[in-house]
Structures are given as C-alpha cells and as structure tokens.
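Residues in the sequence shown are numbered from 250 upward in steps of one, following this note's numbering. See below for the structure under consideration.
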Amino acid sequence: MIALLLAVAAPQTAVDAERAFAADAKTLGQWTAFRKWAADDAVLFWPQPVNAQAQLRTLNDPPRPVEWSPSESYVSCDGTVAANTGPWTRPDGSAGYFSTIWVKQRQGGWKWTVDGGDALETPRPTVKEPAVRVASCERKPRGAIGVAPKDAKSADGQSRDHTLYWSWVVQPDGARMFNVLLWTGERYDRVIADRIAAPPAPPKP
Numbered sequence: 250m251i252a253l254l255l256a257v258a259a260p261q262t263a264v265d266a267e268r269a270f271a272a273d274a275k276t277l278g279q280w281t282a283f284r285k286w287a288a289d290d291a292v293l294f295w296p297q298p299v300n301a302q303a304q305l306r307t308l309n310d311p312p313r314p315v316e317w318s319p320s321e322s323y324v325s326c327d328g329t330v331a332a333n334t335g336p337w338t339r340p341d342g343s344a345g346y347f348s349t350i351w352v353k354q355r356q357g358g359w360k361w362t363v364d365g366g367d368a369l370e371t372p373r374p375t376v377k378e379p380a381v382r383v384a385s386c387e388r389k390p391r392g393a394i395g396v397a398p399k400d401a402k403s404a405d406g407q408s409r410d411h412t413l414y415w416s417w418v419v420q421p422d423g424a425r426m427f428n429v430l431l432w433t434g435e436r437y438d439r440v441i442a443d444r445i446a447a448p449p450a451p452p453k454p
C-alpha cells in the first residue's frame, strides 16, 4: 500500500516535476532541492561542467531561493525524456531563463540530468500553463542520431525511441551551446537552441 501511495504521489509529467522541484526550493532550500531532484550523474555548469551531486554538497542554501516555472516542455514520443525551459528570477530582481533535461525513472517520477541557463536583461514572461509539445510517434527514426565524438567538454543523449535528442558543448572560456531536437515524423526540429556567453574574466591582481 505504501509503495502504491508513493507511486501515485510521484510527479506524472516533467512539468509536474519542475513545479514540485521549484516548490521544494522554497520549503527545503534551493540547493537541497537541486540535490533531491538530481540524478546521480546530473550535470551543472560552473561554468565548466561538473557533477551536480558533488558540487551541490559544497553549497549552503541561500536565505531565499531563485524562483522559476516552466513555460515550454518538449517530450519524447515514449514519454521517457523531456526538456523544460522557462523564466527564473532571483530575490535581487535579476532574471533569466533555464533549460533542463528530465528523465523518467523506472520506479516512477522524474530526475533532472542536465540543468543550465543564463541571465537576461529582459525577463521572459511567466505563463500559467506551459506549452507542451510531444514528439511525433509516426515513422520513428530507425537509429541514433549522428553526433560528434564525446569528450570532457561535450555530451549528448536521447530518448530510447530516438524522438528527442539533446546535446551540450562548453568552450574553454565557459561559453556553451545547448540544443534540443524533437522528431516531427519526417525530420528533427530544433526546439531549444541556447547560446550562453562566456562569463566575465576575473579582474587581474
């Protein structure tokens, strides 16, 4: 009975998971919530890629968390992988956007595996209900999409049915690209194309 109740309580969609994650940031603490919802191999950009669980263990929760909500969600045909994106705001009034890859877990619920974003001068609008787009289930791709060789500064992944594909590349200066492609039944549409500038160089001593 307990297992059944836990299964029912688990977020059913990546949008549900994103909202629960954001709510936990307010009640549990920002970095505590990040750790709770992160997969063991989840990646953050600091600005170079780091293991999220290891990095987050070194951080103390701020008094007030960042607030965010999804405005768009892209989901593979088989429902196992999703990409959410939307606005965030900090307590100091600064704003930006996030993009997060979510993977459905075998035991139910979701965990995020890649999280990034950037600041913006003009905030993105917050929406009450995000736009959800599911990949076509027609004429599914027959194999994995071709990708460049992986190294320590790039990675990619896709749903088991190959209808959602994501990738990131980080340059030595911290600039990075993050892309999400969604299958239409005939081709892949690039639905997220984040281009994050390198962070300012630290002042010389």
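Even glycine gets a Cβ: it sits at the ideal position worked out from N, Cα and C. Quick caveat, the model's predicted, so the values are computed rather than measured.
First and last residue of the uninterrupted alpha helix (DSSP H) at residue i
{"i": "A263", "result": "A263 to T276"}
{"i": "Q302", "result": "A301 to L305"}
Delimiting residues of the beta strand (DSSP E) encompassing residue i
{"i": "R284", "result": "Taken as a continuous stretch (DSSP letters only), R284 belongs to no beta strand (DSSP E), being part of the alpha helix (DSSP H) at Q279 to W286."}
{"i": "E370", "result": "No beta strand (DSSP E) holds E370; DSSP gives it neither H nor E."}
{"i": "D405", "result": "S403 to Q407"}
{"i": "V321", "result": "What sits at residue 321 in the sequence shown is Glu, not Val. Counting along the chain, the beta strand (DSSP E) containing E321 begins and ends at E321 to V324."}
{"i": "G345", "result": "A344 to K353"}
{"i": "R382", "result": "A380 to V383"}
{"i": "P340", "result": "No beta strand (DSSP E) holds P340; DSSP gives it neither H nor E."}
C-alpha gap between residue i and residue j, whole angstroms
{"i": "D364", "j": "Q304", "result": "13 Å"}
{"i": "S416", "j": "P312", "result": "33 Å"}
{"i": "W455", "j": "T329", "result": "With the chain covering 250 to 454 only, the question about residue 455 has no answer from this structure."}
{"i": "N333", "j": "V264", "result": "7 Å"}
{"i": "V383", "j": "C326", "result": "6 Å"}
{"i": "A269", "j": "R436", "result": "33 Å"}
{"i": "A380", "j": "T307", "result": "35 Å"}
{"i": "D245", "j": "W432", "result": "Residue 245 lies beyond the residue range present for the chain, which begins at 250 and ends at 454; the question has no answer from this structure."}
Nearest residue (CA-CA) to residue i, options the options
{"i": "N428", "options": "A368, E316 and S348", "result": "S348"}
{"i": "D273", "options": "R409, W317 and I441", "result": "W317"}
{"i": "A344", "options": "W295, T375 and R382", "result": "T375"}
{"i": "L413", "options": "A287, V324 and V315", "result": "V324"}
{"i": "A213", "options": "D422, K402, G434 and T276", "result": "For residue 213 there is no data in the structure shown, the boundaries of the chain being 250 and 454."}
Exposure of residue i, with buried meaning 16 or more beta-carbon neighbours within 10 Å
{"i": "C386", "result": "exposed"}
{"i": "P340", "result": "exposed"}
{"i": "R355", "result": "exposed"}
{"i": "P448", "result": "exposed"}
{"i": "R444", "result": "exposed"}
{"i": "W361", "result": "buried"}
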